[in-house]
Amino acid sequence: MAKFENLDEYFASLDDTKAATLRRVLDVIATNFPDSSVKLAWNTPQIQIAGKYVFGMSAAKNHLSLAPWSEAAMSTFADRLSAYETTKGLFKVPVDWDVDGALITDLIQARMAELGL
């Protein structure tokens with residue numbers, strides 16, 4: 002896999018459906034957390050607030066992985082995440098996911114609280 006220099010390169014490497022869904026996730030985050038920034042780390046988009054990682058995402062062949070960087074947040078919202086395949090630190094959504102902005106926002110707020118932000 003090529004190392005991406007910027008977000009545009011990352012999105013250009015994805016099919017249109019995956020790119021559009023991840024862009025919608027980023028739009029939700031930018032709207033609800035205007036102080037957030039997107040950084041490519043580990044060759045994937047990662048969201049930072051006050052220099053701390055609060056959310057990450059990546060595209061796989063058949064799904065998108067979304068990660069709040071917090072096992073505690075994953076546990077807190079386990080009921081709302083029950084429709085998705087989960088691990089301790091991430092959940093997998095369909096590539097054409099109807100973005101649940103409230104869930105994304107709540108996960109990031111929980112991560113921020115954990116970090117004292």
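For the sequence shown, my numbering begins at 2 and goes up steadily by one.
Using N, Cα and C, we set each Cβ at its ideal position, and we do this for glycine too.
Tell me whether E72 sits in a helix, a strand or coil according to DSSP, three-state version. helix
Would you check if the distance between the CB atom of M8 and the CB atom of P46 is smaller than 8 Å? The sequence given here has Leu at residue 8, not Met. Against a cut-off of 8 Å, the Cβ pair of P46 and L8 comes out as a contact.
On a CA-only basis, which of A114, I109 and G117 is nearest S37? Give me that one, please. I109
Looking at the structure shown, is E6 part of a helix, part of a strand, or coil, going by DSSP? coil
With a threshold of 16 other CB atoms inside 10 Å of the CB of K19, please say whether the residue is buried or exposed. Buried is the call here.
Take every Cβ of the region 73-86, pair it with every Cβ of the region 18-32, and state whether three or more of those distances are shorter than 8 Å. no
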